[in-house]
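Residue numbers (the numbering used here), protein chains in the order written: chain A, 3 to 375; chain B, 3 to 375.
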């Protein structure tokens with residue numbers, strides 16, 4: 003117990019409240035999740051979209067203390083059967099895309115996590131809101147800022163919360179860098195660099211379908227650098243420039259971006275240089291440079307352990323599955339009004355969508371696009 | 003001796019001819035310079051411009067086998083006196099900027115290394131050529147491509163060589179990456195990233211004077227990323243975009259760029275994302291990404307040991323002072339017509355100047371600037 007207390011005190015001293023994690027396995031340097039009983043309120047979540055990422059979230063939620071899966075929404079009956087069995091979900095909490103508005107009358111479900119192709123988010127989130135349930139939406143929250151605004155408005159009108167799946171906003175090394183930046187440890191921030199990309203496989207997947215994805219790499223992976231630039235620099239950009247490159251027009255059809263370089267300018271004069279790509283292996287790094295020091299995250303946004311260091315030393319925080327932390331923290335946000343250090347709400351998602359709109363415009367026109375603040 | 007032979011054989015097997023270095027200090031992992039007698043021809047060099055970098059070159063040349071300092075050209079008599087004493091230079095081999103054309107009649111000098119402010123290079127190199135001496139010119143070779151072309155033409159007409167101080171073209175880790183790239187080890191090249199910058203000090207120095215420097219960070223340090231993009235990717239860019247940011251217009255006056263982001267597009271579809279700055283601490287890294295692997299150099303261009311690795315492992319080549327290697331190799335190029343792996347002649351410098359012209363144009367107009375091949 004001493005080890006655990008020391009560890010938690012150290013975290014507290016670092017000003018960093020680590021969400022879920024807690025007890026240390028005896029004789030091990032690896033933390034495990036808190037298994038002490040929890041009597042507080044529990045967020046009961048229906049997962050909409052039982053694909054790869056939905057499955058990852060569901061697995062991770064098995065370690066949640068404050069959130070659990072109580073329902074599913076899917077167009078594939080066989081998937082629903084599998085999930086029912088795996089997660090002990092009663093028949094009455096299972097829906098398809100036609101009938102899920104009836105979730106309104108289901109007292110077992112507090113929130114719906116929308117993990118479907120991008121093009122469906124807008125309508126689905128609005129229907130969730132109209133059913134009086136809180137909405138959690140995977141990023142990108144929509145195809146563009148106009149859609150995102152509609153979603154924000156609908157949730158506000160329905161008096162439900164709208165949260166976006168920005169799991170990195172709860173990642174300890176990321177938060178520590180943000181804390182150090184706010185404390186002025188890096189001095190005036192000058193430069194951010196974000197590289198976000200991977201080589202995408204199966205050309206038939208929805209992510210490469212303009213109608214379903216709304217774009218290409220920028221929507222799916224480039225958004226990490228867009229979002230990261232904002233939380234790392236700590237300002238909202240005022241201009242954007244962008245350059246698109248396509249080497250494989252068969253795989254990456256019209257409107258599906260393969261590679262986009264983009265640059266952001268911030269009010270302080272800081273600049274960001276970013277890359278979004280579906281054509282390069284495992285690019286996942288953030289670099290923040292200030293007058294007095296720098297910080298690096300590499301990998302910066304992957305599912306596995308994030309590695310980070312600053313000019314003052316390595317960052318050593320234990321890894322906890324991001325989706326577990328996210329869902330426990332979102333339970334706190336929805337049930338208890340907890341405010342995360344970096345916002346995770348619809349307004350936050352809308353900011354990214356406005357920038358992505360501007361990036362596409364800049365790439366298309368070749369012009370610097372101003373962003374309203 | 004076995005250690006040395008093994009080492010050299012290994013280098014040879016790696017297809018890498020390491021210029022100067024040779025014997026290993028007994029019982030040490032650090033190489034020392036070859037001290038065996040050398041009977042071949044010796045390049046006799048006059049240094050023009052006895053400032054900080056000129057001094058560094060002179061110091062490094064003390065370890066050269068094939069090149070030595072035999073003359074100086076300076077506007078400051080006291081500096082000439084110091085150098086005469088330090089490097090044992092006879093009075094008859096000392097010149098100032100008015101009379102150095104008389105070098106033409108000096109049989110003790112084969113080449114002049116021009117290490118003066120950028121704005122002076124054009125005229126000085128042309129005068130060296132007219133004096134019938136080979137010219138070595140520090141980079142940037144000129145203020146723009148038009149000047150660079152004049153210099154190339156003048157040296158061609160005078161039948162003298164023109165070499166540019168691209169010391170990285172002889173750096174072992176850099177060359178190893180180029181070798182691996184040519185062998186196809188990284189597969190199709192997709193992306194290059196170059197970060198080149200530092201926080202410049204004394205605001206009164208010539209590098210911050212538009213008349214003498216011809217620009218700002220791009221001329222002085224950004225050129226490393228311009229040049230690096232070309233030798234790392236192995237292609238000539240066909241377009242450039244650029245964005246300039248200025249946070250300190252007092253220190254960085256009109257025409258003196260503080261920070262420029264620039265992007266290059268290559269015929270294969272590969273892209274480069276680069277940063278040139280006088281406002282950020284110690285940015286010096288190259289990253290090359292291909293379909294099958296990547297390479298990193300960090301630091302990539304500093305005077306000290308270059309650190310590098312690829313996706314296949316660390317690069318372990320010993321450090322030898324770059325300027326020593328450069329001057330010995332330039333002796334081979336001038337005296338024996340040796341061709342370096344990456345060209346170091348005026349035509350090579352001209353290519354960089356054309357790109358820098360385009361970067362300034364792109365930054366000014368906000369437009370993508372095509373580059374003729």
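No residue lacks a Cβ here, since even glycine has one placed at the ideal position from N, Cα and C.
The structure presented is a predicted model; accordingly, all values stated were derived computationally and were not measured.
**Message:** With H, G and I counted as helix, E and B as strand and the rest as coil, what does DSSP make of residue 354(B)?
**Reply:** The residue you call residue 354(B) lines up with position 352 of the second chain. If DSSP states are grouped into helix, strand and coil, residue 354(B) belongs with the helices.
**Asked** So what's residue 144(A) in DSSP terms, helix, strand or just coil?
**Response** By one-based count along the first chain, residue 144(A) stands at place 142. In the structure shown, residue 144(A) sits in coil (DSSP, three-state: anything other than H, G, I, E or B).
**Request:** Helix, strand or coil for residue 361(A), going by three-state DSSP, please let me know.
**Result:** Position 359 of the first chain, counted from the start, is the residue given in the question as residue 361(A). Helix.
**Message:** Tell me which residues share the same chain as residue 136(A) and place their Cβ nearer than 7 Å to its Cβ, disregarding the 5 neighbours each side in the sequence.
**Reply:** Here residue 136(A) refers to the residue found at position 134 when the first chain is read from its first residue. Excluding positions up to five away in sequence, the list reads 112, 113, 162, 163 and 336.
**Message:** Using a Cβ-Cβ cutoff of less than 6 Å, which residues in the same chain neighbour residue 265(A) once the five nearest sequence positions on both sides are dropped?
**Reply:** What you label residue 265(A) is simply residue 263 of the first chain in a count that begins at 1. Around residue 265(A): 243 and 275.
**Prompt:** With distances taken from CA atoms, which of 99(B), 120(B), 140(B) and 81(B) is nearest residue 129(B)?
**Reply:** Here the question's residue 129(B) lines up with position 127 in the second chain. Of the candidates 99(B), 120(B), 140(B) and 81(B), the one whose C-alpha sits nearest the C-alpha of residue 129(B) is 99(B).
**Request:** Please list the residues of the segment 165-199 of chain B that have a C-beta atom closer than 7 Å to any C-beta atom in chain A, keeping them in chain order.
**Result:** 192 and 193
**Request:** Check the Cβ-Cβ distances between residue 285(A) and every residue of chain B, and say whether any is below 9 Å.
**Result:** Taking the first residue of the first chain as position 1, residue 285(A) is located at position 283. Yes, its Cβ sits closer than 9 Å to a Cβ of chain B.
**Opposing strand residues paired with residue 118(B) [DSSP bridges]** = Position 116 of the second chain holds residue 118(B). Note: residue 118(B) sits in no beta bridge, so no partner.
**Asked** DSSP beta-bridge partners for residue 162(B)?
**Response** To locate residue 162(B), count along the second chain from 1; it is residue 160. Paired residue(s): none; residue 162(B) is not in a bridge.
**Asked** What are the boundary residues of the alpha helix (DSSP H) that residue 85(A) is part of?
**Response** As a first step, residue 85(A) must be located in the first chain, where it is residue number 83. From DSSP, the alpha helix (DSSP H) with residue 85(A) extends over 79-89.
**Request:** Can you pull the chain A residues whose beta carbon is under 7 Å from the beta carbon of residue 263(B), in chain order?
**Result:** For the purposes of this step, residue 263(B) is taken as residue 261 along the second chain, with counting starting at 1. The contacting residues are 265, 273 and 275.
**Message:** What does the alpha-carbon distance come out to for the pair residue 70(A) and residue 240(A)?
**Reply:** Position 68 of the first chain holds residue 70(A). Position 238 of the first chain holds residue 240(A). Cα to Cα, the separation comes out at about 40 Å.
**Prompt:** For residue 197(A) versus residue 258(A), is the C-beta spacing smaller than 9 Å?
**Reply:** Against the first chain, residue 197(A) aligns to sequence position 195. Against the first chain, residue 258(A) aligns to sequence position 256. No, they are not a contact pair.
**Prompt:** Does the beta-carbon distance from residue 219(A) to residue 280(A) come in below 9 Å?
**Reply:** For this step, residue 219(A) is matched to residue 217 along the first chain. For this step, residue 280(A) is matched to residue 278 along the first chain. It is a contact, given that the beta carbons lie within the stated cut-off.
**Request:** Can you grab the Cα-Cα spacing for the pair residue 300(A) / residue 145(B), in whole Å?
**Result:** The residue you call residue 300(A) lines up with position 298 of the first chain. The residue you call residue 145(B) lines up with position 143 of the second chain. Cα to Cα, the separation comes out at about 38 Å.
**Message:** How far does the beta strand (DSSP E) with residue 292(B) in it extend, from its first residue to its last?
**Reply:** Taking the first residue of the second chain as 1, we reach residue 292(B) at position 290. Element bounds for residue 292(B): 281-292.
**Prompt:** When burial is assigned at 16 or more other CB atoms within 10 Å of the CB, is residue 229(A) buried or exposed?
**Reply:** For this step, residue 229(A) is matched to residue 227 along the first chain. It counts as buried.
**Item:** Nearest residue (CA-CA) to residue 158(A), options 127(A), 250(A) and 362(A)
**Value:** Taking the first residue of the first chain as 1, we reach residue 158(A) at position 156. Of the listed residues, the one whose Cα sits closest to residue 158(A) is 127(A).
**Asked** Counting only runs that start and end within the segment 294-324 of chain B, where is the beta strand (DSSP E) found for 3 or more residues in a row?
**Response** 296-299, 310-312 and 315-317
**Asked** Looking at chain B, which residues of the segment 244-260 of chain A have a Cβ within less than 7 Å of any of its Cβ atoms?
**Response** 245, 247 and 249
**Request:** Taking the CB atoms as reference points, tell me whether residue 212(A) and residue 256(A) lie closer together than 9 Å.
**Result:** Mapped onto the first chain, residue 212(A) falls at position 210. Mapped onto the first chain, residue 256(A) falls at position 254. A contact, by the Cβ cut-off of 9 Å.
**Request:** State the start and end residues of the unbroken alpha helix (DSSP H) segment that holds residue 64(B).
**Result:** Position 62 of the second chain, counted from the first residue, corresponds to residue 64(B). Residue 64(B) -> no alpha helix (DSSP H), and no H or E assigned at all.
**Request:** Answer with buried or exposed for residue 41(A), where buried requires no fewer than 16 other C-beta atoms within 10 angstroms of its C-beta.
**Result:** Taking the first residue of the first chain as position 1, residue 41(A) is located at position 39. With fewer than 16 Cβ atoms within 10 Å of its Cβ, residue 41(A) is classed as exposed.
**Item:** Burial state of residue 141(B), where buried means 16 or more other Cβ atoms lie within 10 Å
**Value:** Here residue 141(B) is taken as the residue at index 139 of the second chain, counted from 1. Buried, by the Cβ-count rule.
**Prompt:** If you count every other CB in all the chains shown that lies within 10 Å of the CB of residue 250(B), and 16 or more means buried, which is it?
**Reply:** By one-based count along the second chain, residue 250(B) stands at place 248. Exposed, by the Cβ-count rule.
**Message:** In whole angstroms, give me the CA-to-CA distance for residue 365(A) and residue 340(B).
**Reply:** Translated into positions along the first chain, residue 365(A) becomes position 363. Translated into positions along the second chain, residue 340(B) becomes position 338. Near 45 Å, if we compare the C-alpha coordinates of residue 340(B) and residue 365(A).
**Asked** Just reading off the alpha helix (DSSP H) that residue 176(B) is part of, what are its end residues?
**Response** Within the second chain, numbered from 1, the residue matching residue 176(B) stands at position 174. Taken as a continuous stretch (DSSP letters only), the alpha helix (DSSP H) holding residue 176(B) covers 174-184.
**Pairwise C-alpha distance: residue 305(A) and residue 168(A)** = For the purposes of this step, residue 168(A) is identified with residue 166 of the first chain, where counting begins at 1. For the purposes of this step, residue 305(A) is identified with residue 303 of the first chain, where counting begins at 1. Their Cα atoms are separated by approximately 12 Å.
**Message:** Would the segment 48-57 of chain A count as touching the segment 67-82 of chain A if we require 3 or more Cβ pairs under 8 Å?
**Reply:** yes
**Prompt:** For the beta strand (DSSP E) that contains residue 263(B), what are its first and last residues?
**Reply:** Reading the second chain from its first residue, position 261 is the one you call residue 263(B). Start and end: 261-267.
**Message:** Is residue 360(A) close to chain B? Criterion is C-beta to C-beta, closer than 9 Å.
**Reply:** As a working note, residue 360(A) is residue 358 in the first chain. It does not; no Cβ of chain B falls within 9 Å.
**Asked** By the 10 Å Cβ neighbour count, where 16 or more other Cβ atoms means buried, how is residue 252(B) classified, buried or exposed?
**Response** Indexing the second chain from 1 puts residue 252(B) at position 250. When all chains shown are included, residue 252(B) counts as exposed.
**Request:** State yes or no: is the C-beta of residue 351(B) within less than 9 Å of the C-beta of residue 150(B)?
**Result:** Your numbering for residue 351(B) matches position 349 in the second chain. Your numbering for residue 150(B) matches position 148 in the second chain. Against a cut-off of 9 Å, the Cβ pair of residue 150(B) and residue 351(B) comes out as a contact.
**Prompt:** Less than 9 Å separating the beta-carbons of residue 106(A) and residue 68(A)?
**Reply:** As a first step, residue 106(A) is located in the first chain; it is residue number 104 there, counting from the start. As a first step, residue 68(A) is located in the first chain; it is residue number 66 there, counting from the start. Going by C-beta atoms, residue 106(A) is not nearer than 9 Å to residue 68(A).
**Message:** For residue 216(B) and residue 278(B), which I take to be in contact (beta-carbon distance under 8 Å), what is that distance rounded to the nearest angstrom?
**Reply:** Taking the first residue of the second chain as 1, we reach residue 216(B) at position 214. Taking the first residue of the second chain as 1, we reach residue 278(B) at position 276. Incorrect: roughly 14 Å between the Cβ atoms, too far for contact.
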